[in-house]
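Residue numbers 1 to 433, in the UniProt record's numbering, belong to the letters of the sequence shown in order.
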Amino acid sequence: MITTLHRLTPRPAALARHRFHTLGLDPALVQALHAQDINTPSQVQREALPLVLDPARPNVVIGAETGSGKTLTYLLPLLQRLRTYPHSMHAVRKPIAVIMVPNQELVKQIERVVQSLDPDVPLACLTKTHAIPRRTPVLVGTPKAIMQHASPKDLVSVEMIVVDEADMLLGGGFERDTKQVLGTIRNQPLVDPSTNEYIPGYHRDSDSDAPEEALAPEHATIPTYGKLAVSEYLKRKFPDAVYAITDQFHRTLPTINQQFVHLKTQDPAERRELLLQILANDDAATGSVLIFVDSVASAKELEQFLLDNDVACRALHKEIPRDDRSGILEAMSTTRQVVVATDIAARGLDTRDVGHVIQYEFATNVVTHIHRIGRTARGGTTGKVTNIIGRENELVYKEIQAAGDDGTLTKGFSRRRSLRKKFKKASKPDTFY
């Protein structure tokens with residue numbers, strides 16, 4: 001059972017803590033944050049950081065809105081743990097921390113963030129190596145990459161685990177690899193990373209008869225977006241977990257100006273012309289424009305249509321080479337870009353320079369909708385979202401509208417299928433390009 005549930009509503013004690021140095025962070029990390037003009041912790045950071053830093057809290061689940069700073073919430077305690085480790089980071093023979101993420105773009109992003117906070121931390125990112133370098137304390141990769149390139153012996157010293165985007169990694173195509181990595185780590189004795197010697201009497205399997213204090217060094221920080229099956233898995237496997245949930249969790253941010261535009265016909269030309277009008281009226285000063293579609297085929301076709309109509313744009317999808325994808329994301333942070341993207345751009349990426357999100361092909365479920373619109377209005381900024389609604393989108397649209405002023409979208413979650421599939425009488429959706 002869950003020992004504690006923190007619903008992070010504003011209260012005097014929390015509001016008084018507006019600086020990172022009051023949260024127990026190492027002064028060097030605080031200084032690194034200040035050097036990047038990050039001076040005030042977000043709501044989730046104010047409340048979750050002390051929990052993650054507390055060795056008496058072996059497992060912490062973080063639930064917060066997109067763009068709220070969850071990445072720093074788990075990276076800062078991890079880096080602090082490395083700074084206070086009994087042995088030098090460079091003396092560690094095997095990884096003591098594993099970070100699992102859903103895509104290579106997030107791997108690269110985490111690498112950049114870590115290097116900006118502490119460039120001395122040796123980091124093994126499984127985007128550019130097929131073997132784990134020796135004396136690397138932190139391993140970052142997708143579950144599949146970790147399964148392919150890390151043997152059980154590589155993971156015997158792991159004390160800290162991060163499962164980022166847990167609702168995605170603990171479901172669908174990621175589920176098997178993610179749970180296998182977790183099982184491999186949890187079900188073997190702990191080896192001292194500097195001596196390569198087993199620690200007597202220590203076993204990390206939470207289902208074993210190991211004493212409670214033997215489990216404390218294993219620190220699993222698992223951000224989740226609250227799908228029911230994932231929630232039940234977390235309760236079962238991490239019964240001692242402390243939950244830190246923000247008050248904007250599963251809600252449309254109040255800083256988003258969101259519009260829904262309904263198509264009058266099923267003619268694909270109407271959708272295309274509407275998009276051209278939206279782009280023509282967009283304020284270039286607000287930043288980049290991110291246009292979401294549902295498939296690679298749609299992205300390719302829409303990119304060509306826009307280019308044919310003198311709209312400079314680029315496509316972002318899985319068939320674009322990895323280095324080119326990184327270049328597109330970097331360009332969005334420096335100049336205004338128009339990018340046509342699949343949901344590869346909807347998860348976790350820091351897109352704070354996106355001022356306008358357009359759902360050209362509307363999300364097929366509420367979870368995807370939350371993540372797509374969360375690409376704008378990040379870090380306390382404002383943003384605009386334009387949703388193009390066709391007949392096939394009405395069921396998801398009605399679920400979002402039913403949230404009303406409260407804005408809570410939790411009831412619209414569906415783990416295995418989109419809302420339109422819940423209703424047998426719903427007409428088969430058309431495909432628009």
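Ideal placement from N, C-alpha and C gives every residue a C-beta, glycine not left out.
Distance, residue j Cα to residue i Cα
i           : j    : result
T22         : R375 : 30 angstroms
F292        : A315 : 10 angstroms
V230        : N309 : 44 angstroms
F20         : L79  : 14 angstroms
L76         : R391 : 46 angstroms
H219        : A312 : With a pLDDT of only 31 at H219, under 50, the local geometry of the prediction cannot be trusted, and the value read off the model is given with reservation. Cα to Cα, H219 sits roughly 46 angstroms from A312.
I96         : V354 : 35 angstroms
D209        : L139 : Residue confidence for D209 is low, a pLDDT of 32 falling below 50, so the modelled location carries little weight; the figure read from the coordinates is stated next. Their Cα atoms are separated by approximately 29 angstroms.
K398        : Y360 : 18 angstroms
E65         : L302 : 30 angstroms
G226        : D167 : Confidence at G226 is low in this model, with a pLDDT of 46, below 50, so the placement of that residue should be treated as unreliable; the coordinate-derived value is given next. Computed Cα separation, rounded: 7 angstroms.
L275        : Q180 : 44 angstroms
D177        : E232 : 18 angstroms
Q43         : P27  : 20 angstroms
S333        : G173 : 31 angstroms
I400        : F362 : 12 angstroms
V340        : V296 : 10 angstroms
residue 439 : R46  : For residue 439 there is no data in the structure shown, the boundaries of the chain being 1 and 433.
L215        : E159 : In this predicted model, L215 has a pLDDT of only 27, less than 50, meaning its place in the structure is not dependable enough to derive any value.
I344        : L263 : 26 angstroms
L325        : E105 : Reading off the sequence shown, one finds Arg at residue 325, where the question assumed Leu. Approximately 8 angstroms, taken between the alpha carbons.
P152        : N59  : 22 angstroms
S68         : G380 : 8 angstroms
K70         : T335 : 25 angstroms
I222        : L72  : Any answer about I222 is weak, because its pLDDT of 42 lies below 50 and its placement is not dependable; what the coordinates show is given next. Cα-Cα distance, rounded: 13 angstroms.
V92         : T127 : 22 angstroms
T142        : N187 : 20 angstroms
T224        : D247 : Residue confidence is low: T224 scores 43 on pLDDT, short of 50, so the model does not pin down where it sits. No coordinate-derived value is stated.
I185        : M89  : 20 angstroms
N103        : Q304 : 26 angstroms
T252        : E319 : 31 angstroms
R420        : V30  : Caution applies to R420, whose pLDDT of 45 falls short of 50 and renders its modelled position unreliable; the model cannot decide the point.
D154        : N393 : 46 angstroms
L306        : D323 : 23 angstroms
N257        : A331 : 24 angstroms
Y74         : E270 : 45 angstroms
V98         : H34  : 26 angstroms
K237        : Q266 : 47 angstroms
D283        : M147 : 45 angstroms
N39         : F249 : 23 angstroms
8 angstroms contact criterion, which residue i and residue j should meet: CB distance rounded
i    : j    : result
Q259 : N387 : 7 angstroms
A145 : T255 : Not quite, the Cβ-Cβ distance comes to about 35 angstroms (not below 8 angstroms), so this is no contact.
I389 : V261 : 7 angstroms
S122 : R135 : First, the amino acid is wrong: residue 122 is Pro here, not Ser. About 6 angstroms separates the two Cβ atoms, so the contact holds.
V156 : K94  : 7 angstroms
T342 : A299 : 6 angstroms
A241 : I62  : Contact doesn't hold; Cβ gap of about 10 angstroms is too wide.
L51  : P41  : So it is not a contact: roughly 13 angstroms between Cβ atoms.
L117 : A32  : 5 angstroms
Unbroken beta strand (DSSP E) run spanning residue i, endpoints
i    : result
V242 : 242 to 246
L290 : 288 to 292
Q277 : Not the beta strand (DSSP E): Q277 falls in the alpha helix (DSSP H), residues 268 to 280.
Q188 : Note, Q188: premise wrong, no beta strand (DSSP E); not H, not E.
K264 : Looking at the DSSP string, K264 is not in any beta strand (DSSP E), and its letter there is neither H nor E.
G380 : Counting along the chain, G380 falls outside any beta strand (DSSP E), and DSSP gives it neither H nor E.
Boundaries of the alpha helix (DSSP H) in which residue i is found, first to last residue
i    : result
H34  : 27 to 35
K398 : 394 to 402
8 angstroms Cβ cutoff met for residue i and residue j
i    : j    : result
A150 : I161 : no
A346 : T368 : yes
V114 : V107 : no
L82  : P137 : yes
V385 : V366 : no
D350 : Q109 : yes
G348 : E175 : no
I370 : V357 : no
V191 : L279 : no
Contact with chain D by residue i, beta-carbon distance below 8 angstroms
i   : result
V61 : Considering every chain present, this structure includes no chain D. It has just one protein chain.
Any chance you could list the beta strand (DSSP E) runs of at least 3 consecutive residues sitting entirely within the UniProt domain "Helicase ATP-binding" (51 to 184), in chain order? 59 to 63, 97 to 100, 123 to 125, 138 to 141, 160 to 163
At 4 residues or longer, and completely inside the region 308 to 372: list those alpha helix (DSSP H) runs for me, N to C. 322 to 332
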